[in-house]
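If you read the protein sequences in the order shown, they are chains S and C.
If you count the first sequence from 1, position 222 lands on 222 in our numbering, and the numbers rise without skipping.
If you count the second sequence from 1, position 42 lands on 419 in our numbering, and the numbers rise without skipping.
Below: one structure, written as structure tokens.
Protein chains: 2
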Amino acid sequence: MKLDKGVGLVETKYETVAVPPNDLQLECGTRFGPVTVAYETYGELNDRGDNCILVLHALTGDAHVAGWHSEEDRKPGWWHDLIGPGRALDTGKYFVVCSNVLGGCYGTTGPPSINPDTGKFYGPDFPVITIRDMVKVQYLLLKKLGVKHIKAAIGGSMGGMQVLEWAMMYPGMLDAVIPIATSGRLSAQCIAFNAVQRQAILMDPEYKEGRYEPGKGPCRGLALARQIGTITYKSDESWAFKFGRTFSSLREEDYYCFDGKFEVENYLDYQGEKLVKRFDANSYLYLTKAMDLHDISRGRGNYSKVFSRFRGKVLTIGISSDFLYPKHYQEEIYRYFKDNGAESYYWELESPYGHDAFLIEFDKMSRKIGQFMATIS
Amino acid sequence: MKLDKGVGLVETKYETVAVPPNDLQLECGTRFGPVTVAYETYGELNDRGDNCILVLHALTGDAHVAGWHSEEDRKPGWWHDLIGPGRALDTGKYFVVCSNVLGGCYGTTGPPSINPDTGKFYGPDFPVITIRDMVKVQYLLLKKLGVKHIKAAIGGSMGGMQVLEWAMMYPGMLDAVIPIATSGRLSAQCIAFNAVQRQAILMDPEYKEGRYEPGKGPCRGLALARQIGTITYKSDESWAFKFGRTFSSLREEDYYCFDGKFEVENYLDYQGEKLVKRFDANSYLYLTKAMDLHDISRGRGNYSKVFSRFRGKVLTIGISSDFLYPKHYQEEIYRYFKDNGAESYYWELESPYGHDAFLIEFDKMSRKIGQFMATIS
Numbered sequence: 001m002k003l004d005k006g007v008g009l010v011e012t013k014y015e016t017v018a019v020p021p022n023d024l025q026l027e028c029g030t031r032f033g034p035v036t037v038a039y040e041t042y043g044e045l046n047d048r049g050d051n052c053i054l055v056l057h058a059l060t061g062d063a064h065v066a067g068w069h070s071e072e073d074r075k076p077g078w079w080h081d082l083i084g085p086g087r088a089l090d091t092g093k094y095f096v097v098c099s100n101v102l103g104g105c106y107g108t109t110g111p112p113s114i115n116p117d118t119g120k121f122y123g124p125d126f127p128v129i130t131i132r133d134m135v136k137v138q139y140l141l142l143k144k145l146g147v148k149h150i151k152a153a154i155g156g157s158m159g160g161m162q163v164l165e166w167a168m169m170y171p172g173m174l175d176a177v178i179p180i181a182t183s184g185r186l187s188a189q190c191i192a193f194n195a196v197q198r199q200a201i202l203m204d205p206e207y208k209e210g211r212y213e214p215g216k217g218p219c220r221g222l223a224l225a226r227q228i229g230t231i232t233y234k235s236d237e238s239w240a241f242k243f244g245r246t247f248s249s250l251r252e253e254d255y256y257c258f259d260g261k262f263e264v265e266n267y268l269d270y271q272g273e274k275l276v277k278r279f280d281a282n283s284y285l286y287l288t289k290a291m292d293l294h295d296i297s298r299g300r301g302n303y304s305k306v307f308s309r310f311r312g313k314v315l316t317i318g319i320s321s322d323f324l325y326p327k328h329y330q331e332e333i334y335r336y337f338k339d340n341g342a343e344s345y346y347w348e349l350e351s352p353y354g355h356d357a358f359l360i361e362f363d364k365m366s367r368k369i370g371q372f373m374a375t376i377s
Numbered sequence: 378m379k380l381d382k383g384v385g386l387v388e389t390k391y392e393t394v395a396v397p398p399n400d401l402q403l404e405c406g407t408r409f410g411p412v413t414v415a416y417e418t419y420g421e422l423n424d425r426g427d428n429c430i431l432v433l434h435a436l437t438g439d440a441h442v443a444g445w446h447s448e449e450d451r452k453p454g455w456w457h458d459l460i461g462p463g464r465a466l467d468t469g470k471y472f473v474v475c476s477n478v479l480g481g482c483y484g485t486t487g488p489p490s491i492n493p494d495t496g497k498f499y500g501p502d503f504p505v506i507t508i509r510d511m512v513k514v515q516y517l518l519l520k521k522l523g524v525k526h527i528k529a530a531i532g533g534s535m536g537g538m539q540v541l542e543w544a545m546m547y548p549g550m551l552d553a554v555i556p557i558a559t560s561g562r563l564s565a566q567c568i569a570f571n572a573v574q575r576q577a578i579l580m581d582p583e584y585k586e587g588r589y590e591p592g593k594g595p596c597r598g599l600a601l602a603r604q605i606g607t608i609t610y611k612s613d614e615s616w617a618f619k620f621g622r623t624f625s626s627l628r629e630e631d632y633y634c635f636d637g638k639f640e641v642e643n644y645l646d647y648q649g650e651k652l653v654k655r656f657d658a659n660s661y662l663y664l665t666k667a668m669d670l671h672d673i674s675r676g677r678g679n680y681s682k683v684f685s686r687f688r689g690k691v692l693t694i695g696i697s698s699d700f701l702y703p704k705h706y707q708e709e710i711y712r713y714f715k716d717n718g719a720e721s722y723y724w725e726l727e728s729p730y731g732h733d734a735f736l737i738e739f740d741k742m743s744r745k746i747g748q749f750m751a752t753i754s
């Protein structure tokens, strides 16, 4: 992570959209609203409102993509190195927007939000949402912000699913899309990994059918879900390099007991605990379910043909060591866009870090994404 | 699975070994015994006692490798097609032996067995065991059966770990070893997957610190552990082929609710429930821990050099689509045996089935293993 300034001091802002009677028609059939949206912007929107870059975040991400929130706590956003003056997503030219997704727990309306009709937390009464519903909310936010046109939509994993839905739902509004480490419809293996993570949460007695107090709830279950997820975000090679078989105790007797742990186990524990402090279990359930339902061809006909909706530029990025979203899924996205008339490119990010590489390999990604952005007028 | 006879009707037999005062010195330091060993044999031991083939089973496997237990229930053993007259492991020539591992729950002494000192189940008082401890018990069994020499030891996954420890512990007793889809020391990624599976069991309130009644206990936790394991035993390709995104209900409303499931989820549920009926949660904890501790170099010096202990023939088999035990671990085993003077071969089993391929691809394996066995005098 570079320590230079980038976009510097930023703040999370809030807008309310989908206010009844103009509330949101969700895919599940329910009408829903109002929706508060937490978002951040970097750079300036031009007069024509056509210089927007839309960044979409992954499962446990948030709107804080770049810069920091206070000079005391300079914790940079999750793509800090990619965004700023002169960077790959150049805030000297572009108006960069990222918002927390519908169903999330970082300021946008989701299960831990108060239901205005009841004065209580939505919890398990929150409707089942889809990637398309998230995109609709983002569209309403951009309209409110005065954005007329998007230069590029970019995101990895669940963010990449939103990128693809943007291309399907509002193709005329976008010049380019950059889906990373994602797929056009969630694979059976990914559904399986999501299912076991949800079960970890559901079997925690503290889950209480979702009616726990926000901030409390199924801590062990959520931690375990995160641990399972964490394994899938890395690679055999990265685990081997980072931890190998290092044991966390030098006492021989610890080796032959269940409390004795390998360093990789301590790391998983730490990752689990860290997420529990920052994430809501119901949000985790709803967002993984939204991923499961992700299929850009649903209700739109043949999968290979649905790509014809978007004829702009496409840069699809696959990661060499990603076993959760193997690169053939990204090659497929590239090919189907190309076969259907888009100007489509594929780039393989050579990295040992597995699925997480798109949150780590800033230098390599900056170069490639910067080059691609330079081709967009 | 071929429906021909193979070894036909067989039965599980039992021997008691490690009877005090000649009980077993476990690696953890504890002395332990007596140990009942459940085992099966196919073919006849010759007069010199030197025509044995030792088959070693994986995590939830058992001694029932071939044939069936009754004419009414012709459920064949887990490697039925590989074993029989004229087959790859030819019972016309060889005396094939397989026993349930120490710590297991299929007849060999393990956590669900009665502790003769207390009259109660061992449960969590069972000592932490290792792959080497399992091999010691197998050695004692073979001695009792009159086996003087082993033509080949063969097994996949945890079975392969035992194969490698046989080569390290009793090298003079073996002509050949066939480790399949395994590693010389468990990888950090495998430890991580084992750790989350154990946590699933431990967080089930019915676990009761391991003091549940055998046959009862942490059913949900064990089922979840098995589901996680099941995902790692397959491949993205095999999940895609078998289930894709098939949804298990035709009702639109089921799609947008948490009870609605994809077929892959139902399959995982089924696999979880099936294991709960046949396996003990404490055994699951102890055997995965034994795998974590697996490292053929522990206490023996440099990993790459420890292979020099065995100078016989080696056929190491890797599986092209295995992401749990990626093939480079088997290539490493092959190379280190070769570099240290063994007659070492590597064969890649081309298969889309992932780690489980060694329990599925009988035809391909029969051919290759049969060829290799033909070279052993």
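Every residue gets a Cβ at the ideal spot worked out from N, C-alpha and C, and that includes glycine.
All figures in this text were calculated on a predicted structure; none of them were measured in a lab.
Comparing C-alpha positions only, which one of S:D73, S:G8, S:D81, S:L102 sits nearest to E27 of chain S? Working through the first sequence from its first residue, we reach residue 27 of chain S at position 27. Comparing Cα positions, the closest option is S:L102.
Is DSSP giving G678 of chain C helix, strand or coil here? Numbered from its first residue, the second sequence carries residue 678 of chain C at position 301. Three-state DSSP puts G678 of chain C in coil, outside helix and strand.
Grab me the residues of Y644 of chain C's own chain with a C-beta within less than 6 Å of its C-beta, minus the 5 sequence neighbours each way, in chain order. Residue mapping note: residue 644 of chain C aligns to position 267 of the second sequence, counting from 1. Taken in chain order, the list of residues that qualify is empty.
Determine the direct distance from the alpha carbon of F656 of chain C to that of N492 of chain C, and round the result to whole angstroms. Within the second sequence, residue 492 of chain C is the residue found at index 115, counting from 1. Within the second sequence, residue 656 of chain C is the residue found at index 279, counting from 1. Looking at the two C-alpha atoms, the distance is approximately 19 Å.
What's the gap between the Cα of S490 of chain C and the Cα of Y483 of chain C? Within the second sequence, residue 490 of chain C is the residue found at index 113, counting from 1. Within the second sequence, residue 483 of chain C is the residue found at index 106, counting from 1. Approximately 10 Å between the Cα atoms of the pair.
Please report the Cβ distance between V442 of chain C and G454 of chain C, rounded to the nearest whole angstrom; I am assuming they are in contact, meaning their Cβ atoms lie under 8 Å. Here residue 442 of chain C corresponds to residue number 65 of the second sequence, with the count starting at 1. Here residue 454 of chain C corresponds to residue number 77 of the second sequence, with the count starting at 1. Contact holds; Cβ gap of about 4 Å.
Any Cβ of chain S within less than 8 Å of the Cβ of G621 of chain C? On the second sequence, position 244 is the one that residue 621 of chain C refers to. Closer than 8 Å to some Cβ of chain S, the Cβ of G621 of chain C qualifies, so yes.
Using a C-beta cutoff of 8 Å, does V641 of chain C count as contacting chain S? Numbered from its first residue, the second sequence carries residue 641 of chain C at position 264. Yes, V641 of chain C lies at the interface with chain S (some Cβ there is under 8 Å from its Cβ).
Which residues of chain S have a Cβ atom closer than 8 Å to the Cβ of K704 of chain C, listed in chain order? Here residue 704 of chain C refers to the residue found at position 327 when the second sequence is read from its first residue. Going along chain S, no residue has its Cβ under 8 Å from K704 of chain C, so there is no contact; the nearest lies around 11 Å.
Backbone secondary structure at T437 of chain C - three-state DSSP: By 1-based counting over the second sequence, the position of residue 437 of chain C is 60. Reduced to three states, the DSSP call for T437 of chain C is coil.
Own chain residues within Cβ distance below 7 Å of S248 of chain S, not counting five before or after: What you label residue 248 of chain S is simply residue 248 of the first sequence in a count that begins at 1. For S248 of chain S, where only same-chain residues beyond five positions count, the Cβ hits under 7 Å are K261, F262, E263, N266.
Please classify K2 of chain S: does DSSP put it in a helix, a strand, or coil? As a first step, residue 2 of chain S must be located in the first sequence, where it is residue number 2. For K2 of chain S, the pLDDT reaches just 46, beneath the cut-off of 50, and the residue's location in the model is therefore unreliable, although a value from the coordinates is still provided. Three-state result, K2 of chain S: coil.
Is the stretch 182-198 of chain S touching the stretch 528-537 of chain C, taking contact as three or more C-beta pairs under 8 Å? no
Output the boundary residues of the beta strand (DSSP E) element that contains V128 of chain S. Position 128 of the first sequence, counted from the first residue, corresponds to residue 128 of chain S. Per DSSP, V128 of chain S belongs to no beta strand (DSSP E) and is neither H nor E.
With a threshold of 8 Å on Cβ separation, who are the neighbours of T30 of chain S within its own chain once the five nearest residues in sequence on each side are excluded? Counted from its first residue, the first sequence places residue 30 of chain S at position 30. For T30 of chain S, where only same-chain residues beyond five positions count, the Cβ hits under 8 Å are P127.
Label V19 of chain S either buried or exposed according to how many other C-beta atoms from any shown protein chain fall within 10 Å of its C-beta, with 16 as the threshold for buried. As a working note, residue 19 of chain S is residue 19 in the first sequence. Exposed, since its Cβ has fewer than 16 Cβ neighbours within 10 Å.
Closer than 8 Å at the beta carbon, the chain S residues around W616 of chain C: Looking up residue 616 of chain C in the second sequence gives position 239. Neighbours of W616 of chain C on chain S, chain order: S187, A188, Q189, A192.
Under 8 Å from the C-beta of F700 of chain C: neighbouring residues of chain S: In the second sequence, the residue the question calls residue 700 of chain C occupies position 323. Under the 8 Å cutoff, chain S gives D236, F323.
Inside the stretch 126-213 of chain S only - beta strand (DSSP E) runs reaching at least 3 residues: 150-156, 174-180
According to DSSP, what are the bridge partners of V37 of chain S? Taking the first residue of the first sequence as 1, we reach residue 37 of chain S at position 37. In the DSSP output, where bridge partners are listed per residue, V37 of chain S has S:E15.
Assuming A600 of chain C and G649 of chain C form a contact by the criterion Cβ under 8 Å, report the distance between their Cβ atoms to the nearest whole angstrom. In the second sequence, counting from the first residue as 1, residue 600 of chain C sits at position 223. In the second sequence, counting from the first residue as 1, residue 649 of chain C sits at position 272. About 3 Å; that satisfies the 8 Å criterion.
Does the distance from the CB of S235 of chain S to the CB of D613 of chain C come in under 8 Å? As a first step, residue 235 of chain S must be located in the first sequence, where it is residue number 235. As a first step, residue 613 of chain C must be located in the second sequence, where it is residue number 236. No, these two residues do not count as a Cβ contact at 8 Å.
Tell me the rounded alpha-carbon separation between K682 of chain C and L692 of chain C. The sequence position of residue 682 of chain C within the second sequence is 305, counting from 1. The sequence position of residue 692 of chain C within the second sequence is 315, counting from 1. Distance between the alpha carbons of K682 of chain C and L692 of chain C is about 18 Å.
Could you tell me whether the stretch 729-746 of chain C touches the stretch 694-704 of chain C, using the rule of 3 or more Cβ pairs below 8 Å? yes
Should the stretch 340-350 of chain S be regarded as contacting the stretch 203-216 of chain S, the criterion being three or more beta carbon pairs within less than 8 Å? no
So, under 8 Å CB-CB, M545 of chain C and R712 of chain C are touching, yes? Tell me the CB distance rounded to an integer number of Å. Within the second sequence, the letter at position 168 stands for residue 545 of chain C. Within the second sequence, the letter at position 335 stands for residue 712 of chain C. Not a contact, Cβ separation roughly 17 Å.
Closest to K382 of chain C by C-alpha separation, out of C:H671, C:Y391, C:T393, C:I460, would be which residue? By 1-based counting over the second sequence, the position of residue 382 of chain C is 5. It is C:I460.
Using 8 Å as the limit for Cβ to Cβ distance, is I53 of chain S near chain C? Working through the first sequence from its first residue, we reach residue 53 of chain S at position 53. For I53 of chain S, the answer is no, since every Cβ of chain C falls outside 8 Å of its Cβ.
With 8 Å as the C-beta to C-beta threshold (strictly closer), list the residues of the stretch 395-414 of chain C near chain S in chain order. E404, C405, G406
Per the contact definition of three or more C-beta pairs closer than 8 Å, is the stretch 6-17 of chain S in contact with the stretch 137-151 of chain S? yes
With a threshold of 8 Å between beta carbons, is C105 of chain S in contact with chain C? Numbered from its first residue, the first sequence carries residue 105 of chain S at position 105. No, no contact with chain C.
So, for G598 of chain C: in the same chain, excluding its five sequence neighbours on each side, which residues have a beta-carbon less than 8 Å away from its beta-carbon? Counting from one through the second sequence, the residue named residue 598 of chain C turns up at place 221. Closer than 8 Å at Cβ, skipping near neighbours: A577, I578, L579, M580, D581, E583, Y584, A658.
Please state the DSSP three-state secondary structure of R48 of chain S. Locating residue 48 of chain S in the first sequence gives position 48, where the first residue counts as 1. Looking at R48 of chain S - three-state DSSP - the assignment turns out to be coil, as it is neither helix nor strand.
Quick one: list the residues of chain C neighbouring A200 of chain S, beta-carbon separation under 7 Å, in chain order. Sequence index remark: in the first sequence, residue 200 of chain S carries index 200 (1-based). Ordered by position in chain C, the residues that pass the 7 Å Cβ test against A200 of chain S are A577, L601.
Which runs of the alpha helix (DSSP H) fall wholly inside the stretch 662-735 of chain C and span at least 4 residues, in chain order? 680-683, 704-716
Find the nearest neighbour of T288 of chain S within the set C:C634, C:P488, C:R509, C:N477, judged by alpha-carbon distance. If you number the first sequence from 1, residue 288 of chain S lands on position 288. Selected option, being the one with the closest Cα: C:C634.
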